[in-house]
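One structure below.
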Amino acid sequence: MKTELIIRSNSSDIDFALLKDGRLVELHKETADNNFNVGDIFLAKIKKTLSGLNAAFVDVGSDKDAFLHYHDLGPQLLSLSNYTRLVSTGKLKDFTLKSFRFDKDIDKNGAIDQVLKAGQNLLVQVVKEPISTKGPRISSELSIAGRYLVLVPFSDRVSVSQKISSNKEKERLKRLAKSIKPKGFGVILRTVAEGIKVAELDQDLQNSLQRWVNLSKQLPKAQAPSKVLSELDRASSILRDVFNDTFSSIVTNDEVLYNE
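Offset between the sequence shown (1-based) and my numbering: plus 10.
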């Protein structure tokens, strides 16, 4: 199968077309200079909680406040809140979570005003970019995507993409991930991890872990709201997610993108 990626850039946006045997199978569009990309992580400030919606409006620096629903808090919200506070005040300097004491999970059916307060700082991640009438949708269940795996802080779960059909391969990947992952971090093995050796998985994991450390190092000086981790731009993330040895060509009309 012939696989091609076509990237077309103009002054306002970038289009990405993925073709297989000349047939369009995926089409993506990125707006230039978007400051709130999916995957970006912010040190944000809770503006107010809404008990009727069981949600909160959160200041991430956008013109319109971000929306955070209780179900998007993640089970380890209390650990995340405590970690953010300790690191921000300089009381915790081991960012690998080895010495971090985890809190209990929050109630799955709890109330948002029982776990979040107005004025509180919190690490959040963009899960849906803002549109004309709404601010970004966010989550406090953080993840850092790499080429072969996704690193999930404050978790110990290891899971494998359902697109990998072989149970034997799933078990192999789970075994390898458990052997290399640090305490306090979960791992999701991506579809492209199929057949990958442990050394490559470990390198990818270490790269994502370093991004987490770099994020954490910013917290003592960061003032909410501020971006503390940028997701790769769309061109780089698409290449990370879909590029492999089966690609026949990548075509672009932009010299900067070509060099990337």
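From the three backbone atoms N, C-alpha and C, an ideal C-beta is built for every residue, glycine too.
These figures come from a predicted structure and were not determined experimentally.
- With respect to the C-alpha of Arg200, the residue from Lys188, Leu183, Lys193 and Gln213 having the closest C-alpha is Leu183.
- In the structure shown, the three-state DSSP call for Ser171 is coil.
- Between the alpha carbons of Asp166 and Ile116 lies a distance of about 16 Å.
- Annotated three-state conformation of Ala187 is helix, per DSSP.
- If you keep only unbroken alpha helix (DSSP H) runs of at least 4 residues inside the segment 36 to 119, you get 87 to 98.
- Of all C-beta pairs linking the segment 98 to 116 to the segment 222 to 233, three or more are shorter than 8 Å, placing the two stretches in contact.
- Taken through DSSP and simplified to helix, strand or coil, Ser226 comes out as helix.
- At a Cβ-Cβ threshold of 9 Å, Phe164 and Gln86 count as neighbours.
- Assigned with DSSP and collapsed to three states, Asp23 falls in strand.
- Linking Ala209 to Ala128 through their CA atoms gives a straight-line distance of about 45 Å.
- Going by beta carbons, Ser109 and Leu159 fall outside the 9 Å limit.
- Contact between the segment 139 to 156 and the segment 171 to 191 is not established, with fewer than three Cβ pairs separated by less than 8 Å.
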